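Q:
Numbering (the working numbering), first residue to last: 8 to 138.
Next up, the structure:
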């Protein structure tokens, strides 16, 4: 229910890319897992999403084409999703997030904010996903 009411989602935790072509992916929460299928079934998702968890932007293993968590949010209507495609270091994720939100607070576009976050943190695996 909270997912459908939020305008922005920031997830900081351990993402899980799993299952055939990513269909078993999820975001572990305190008492549950927000699975990819939960996102796809949500009546509404936030317009902007930052998934600061390992592989939350990953959509495939090798040459296979699949769907990942970032893509699920886009499919359901998010306008911008920021997520890493590979595992990220916790310290780098923190620096990335601080720089990302500082840039957004100054009026930077999502693309410019992601670029600033990458430059500040060295975490080169973050991507901006847009429809």
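Glycine residues also receive a C-beta, built at the ideal position from the N, C-alpha and C atoms.
Only a predicted model underlies this, so the values are computations on that prediction, with no experimental measurement involved.
Have a look at residue 66 and residue 131 and give me their C-alpha separation to the nearest angstrom.
A: Locating residue 66 in the chain shown gives position 59, counting from the first residue. Locating residue 131 in the chain shown gives position 124, counting from the first residue. Whole-angstrom Cα-Cα distance: 17 Å.
Q: Does the distance from the CB of residue 95 to the CB of residue 64 come in under 7 Å?
A: Residue numbering aside, residue 95 sits at position 88 when the chain shown is read from its first letter. Residue numbering aside, residue 64 sits at position 57 when the chain shown is read from its first letter. Cβ distance not < 7 Å, so residue 95 and residue 64 don't count as in contact.
Q: Using DSSP with H/G/I as helix, E/B as strand and the rest coil, what is residue 20?
A: Taking the first residue of the chain shown as 1, we reach residue 20 at position 13. In this structure, residue 20 counts as coil in the three-state DSSP scheme.
Q: Going by alpha carbons, who is nearest to residue 50 out of 138, 23, 25, 79?
A: Here the question's residue 50 lines up with position 43 in the chain shown. Nearest C-alpha to residue 50: 79.
Q: Verify the CB distance criterion: does residue 101 have a CB-CB separation below 7 Å to chain C?
A: Protein chains in the displayed structure number just one, and chain C is not present.
Q: Mind checking residue 42: buried by the 16 CB within 10 Å criterion, or exposed?
A: Within the chain shown, numbered from 1, the residue matching residue 42 stands at position 35. Residue 42 counts as buried, since no fewer than 16 other beta carbons sit within 10 angstroms of its beta carbon.
Q: Can you give, in chain order, each stretch of the alpha helix (DSSP H) that sits fully within the segment 28 to 63 and has at least 4 residues?
A: Whole alpha helix (DSSP H) segments, 4+ residues: 43 to 48.
Q: Would you identify the three-state DSSP class for residue 67, choosing helix, strand or coil?
A: Position 60 of the chain shown holds residue 67. Three-state result, residue 67: coil.
Q: Please name the residue in 109, 72, 105, 89 whose C-alpha comes closest to that of residue 28.
A: Within the chain shown, residue 28 is the residue found at index 21, counting from 1. Measuring from the Cα of residue 28, the nearest candidate turns out to be 72.
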